[in-house]
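Residue 39 is where the sequence shown starts when you use the numbering used here, and the numbers rise one by one after that.
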Amino acid sequence: MKISANLIEKIAIEAQNSYQNSYIENISLVSPCDFLFIFSKNRKEKLFVSLFNNDPAISFIEETASVPTIENKDNEWLRKEVRDSYVSDIHSIKNDRILEIDLVHVDDLFNKEERHLIIELIPLKSNIILVNSDYQVIKAIHYRDELTSHPIVVNQKYDFPQNSVVPDRDDDLEEYLKEGISRYNAALSRRHKSIYSPLYNYVKSRIKTDEKTKKLMEERINDKESSLRYKDLADLILTYQSETEELNKIIEENKDLYDSLLSPIENANKLYKKYHKLQNEQFVFASEIERLNAELESYQNIINLFPYYTNEEYIDIASQLHFQIKGVRKDVKKRRPLFYYVEYNGVKIAFGKNSAQNNYLTFKFAQKNYTFVHIAGYSGSHVIVCSSELNDDLLKEAASISIVLSGQESGSVHYCQVKDTKKGDREGLVIMKSYKKYHVNKIKEETKLLLNNMKPYIKS
39 MKISANLIEK
49 IAIEAQNSYQ
59 NSYIENISLV
69 SPCDFLFIFS
79 KNRKEKLFVS
89 LFNNDPAISF
99 IEETASVPTI
109 ENKDNEWLRK
119 EVRDSYVSDI
129 HSIKNDRILE
139 IDLVHVDDLF
149 NKEERHLIIE
159 LIPLKSNIIL
169 VNSDYQVIKA
179 IHYRDELTSH
189 PIVVNQKYDF
199 PQNSVVPDRD
209 DDLEEYLKEG
219 ISRYNAALSR
229 RHKSIYSPLY
239 NYVKSRIKTD
249 EKTKKLMEER
259 INDKESSLRY
269 KDLADLILTY
279 QSETEELNKI
289 IEENKDLYDS
299 LLSPIENANK
309 LYKKYHKLQN
319 EQFVFASEIE
329 RLNAELESYQ
339 NIINLFPYYT
349 NEEYIDIASQ
359 LHFQIKGVRK
369 DVKKRRPLFY
379 YVEYNGVKIA
389 FGKNSAQNNY
399 LTFKFAQKNY
409 TFVHIAGYSG
419 SHVIVCSSEL
429 NDDLLKEAAS
439 ISIVLSGQES
449 GSVHYCQVKD
459 TKKGDREGLV
469 IMKSYKKYHV
479 NKIKEETKLL
489 LNNMKPYIKS
């Protein structure tokens, strides 16, 4: 549902009830076009503002996870000029898709100043503008030339847009706010791509290279006729080397492989060498394909889990791949999590992000009567429901988490009690002695938001 003037008016009333007479405690830049405003009143419910292209949006998000800000010039001036300001009023403007937050700002000399934060949510023209009491522009996310129909220039008077085409709809606020979770999840995805897109693209390129190499090797392995042709021809040459007429006939039919400068025996030996070389090559390629398959599985897991890594994990992955992430400083070393978990209806649902975490979770941490869940037909995280009791609601959430962490939007999982699993022949591989199947048609956006609140398990 696209934002409308009617929705802005309703959201302004909700925001006024929630945040009026409080302070803007913090502002996080989720992605280059998405903002999270935290107020001193009702801290858990944050105001999410998206200036994304043709679908700007505003919503209330109950987000408990810390979302460190992306540092850039927009975040710097917003924090400097707006943070700690007192919110005296929040209202919509002129039946348009504009929200205005009236502020009282105190400068370093304790002088009070009236200001207004104007949030324009007009498709393709969205903006956040800070003006003074006379509505002169102090700062803005997007500036516009004086020759445009709606200029925004520092120290110039701000005028509200004129003749804006506003949809005349009576939209349902509750329905629109439900979509806010989806938009916020999309913002988090944009965040990760913005910061770590070079690493993401590098892993994708490695996948592409490995798949191309694997395909070439498989073609050489499957081309058994070529190697057998060398052997068969060598056998024929040796068999008929003393029968000139029959030998000449064989040579005529295989001109591309027969060297006329060599004797029949020398040709046969040369062909046997080619045959054995191809046989050895096929053996080596078969072993190399096994290595490539394991590497591709590892890379694909990185892509699937990319939105859910911590800063430290991104740096670790980059280090393992000998890839330098520009502008990202390595944090002081901390104790590594043994796995991660979320809490759903009072029950922990735990999962690993790599083979070592999967192995520890399933075979060292999990109790025998806990439930093991794994996506069917794909590689992915081990998911453990940390309870001896399992109902359909818990199973659906655990299955959904397993599917999301494997990069899918729907699918089936296999599940069983932990006591019905055993270790495979490599770390993180599980063999299920018996299992049941469960299918999820569509992943709830609430599940993706829940994963943003994952907690690390670190043994004390």
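Even glycine gets a Cβ: it sits at the ideal position worked out from N, Cα and C.
Is it buried or exposed for residue i, if we count other Cβ within 10 angstroms and need 16 for buried?
i	result
Thr409	buried
Leu443	buried
Ala436	buried
His477	exposed
Ile496	exposed
Pro375	buried
Glu101	buried
Arg221	buried
Leu89	buried
Gly390	buried
Glu447	exposed
His452	buried
Ser438	buried
Asn165	buried
Gly415	exposed
Tyr382	buried
Ile441	buried
Thr485	buried
Val370	Unreliable positioning characterises Val370 in this predicted model, as indicated by a pLDDT of 47, which lies under 50. The coordinate reading is nonetheless provided below. Answer is exposed; the Cβ neighbour count stays below 16.
Leu147	exposed
Lys402	exposed
Val192	exposed
Check each candidate in the options and name the one with the smallest Cα separation from residue i.
i	options	result
Asn149	Tyr173, Phe77, Ser123	Ser123
Ile63	Ser69, Val125, Asp112	First, the residue type needs correcting, since residue 63 is Glu and not Ile in the sequence shown. With distances taken between Cα atoms, Glu63 lies closest to Val125.
Thr400	Lys195, Gly462, Lys177, Ala332	Gly462
Ala95	Asn113, Ile108, Trp115, Glu158	Glu158
Ile160	Asn92, Lys132, Ser130, Tyr181	Asn92
Tyr337	His188, Ile166, Asp430, Tyr238	Tyr238
Val468	Ala356, Ala324, Pro189, Ala394	Ala394
Ile99	Ser56, Leu428, Glu119, Asn113	Ser56
Tyr240	Phe361, Tyr398, Lys79, Cys71	Phe361
Met506	Tyr398, Lys386, Arg182, Tyr352	Residue 506 lies beyond the residue range present for the chain, which begins at 39 and ends at 498; the question has no answer from this structure.
Asp458	Lys252, Glu212, His188, Ile422	Ile422
Pro199	Lys163, Asp172, Val175	Lys163
Tyr524	Ser69, Ile219, Asp72, Phe77	This structure leaves residue 524 out entirely; the chain is present only between 39 and 498.
Glu483	Asp209, Asn193, Glu217	Glu217
Glu212	Val175, Tyr310, Glu281, Glu52	Glu52
Glu151	Ser301, Glu291, Asn170	Asn170
Gly418	Ser42, Glu335, Leu226, Lys311	Glu335
Asp172	Leu185, Ser301, His154	His154
So residue i is in the beta strand (DSSP E); what residue range does that whole segment cover?
i	result
Leu137	136 to 144
Ile65	60 to 69
Leu74	72 to 77
Lys475	474 to 478
Lys308	That residue, Lys308, is in no beta strand (DSSP E); its alpha helix (DSSP H) goes 302 to 343.
His500	Outside the modelled stretch of the chain, which goes from 39 to 498, sits residue 500, for which no answer is possible.
Glu381	377 to 382
Lys486	Not the beta strand (DSSP E): Lys486 falls in the alpha helix (DSSP H), residues 483 to 489.
Phe86	83 to 88
Val6	Absent from the model: residue 6. The displayed extent of the chain is 39 to 498, so no value can be given.
Glu101	Per DSSP, Glu101 belongs to no beta strand (DSSP E) and is neither H nor E.
Alpha helix (DSSP H) containing residue i: first to last residue?
i	result
Ser126	Premise fails: Ser126 lies in the beta strand (DSSP E), 124 to 130, not in any alpha helix (DSSP H).
Asn44	43 to 57
Asn113	111 to 119
Ser357	349 to 358
Asn286	282 to 291
- Message: Going residue by residue through the region 385 to 468, where are the continuous alpha helix (DSSP H) segments of at least 4 residues, counting only ones entirely within it?
- Response: 393 to 398, 430 to 442
- Message: Does the structure place the region 319 to 334 close enough to the region 259 to 274 that three or more beta carbon pairs sit under 8 Å?
- Response: yes
- Do the region 71 to 90 and the region 140 to 154 touch if we need at least three Cβ pairs shorter than 8 Å? no
- Between the region 478 to 492 and the region 400 to 420, are three or more C-beta pairs nearer than 8 Å? no
- Query: Is the region 287 to 299 touching the region 321 to 340 in the sense that three or more CB pairs, one from each, lie closer than 8 Å?
  - Reply: no
- Message: Threshold first: 4 residues or longer. Then list the alpha helix (DSSP H) segments lying entirely within the region 224 to 280, N to C.
- Response: 262 to 277
- Taking 8 Å as the threshold, find out whether the region 226 to 235 comes into contact with the region 334 to 347 through three or more Cβ pairs. yes
- Item | Any 3 or more C-beta pairs closer than 8 Å across the region 42 to 50 and the region 127 to 135 | yes
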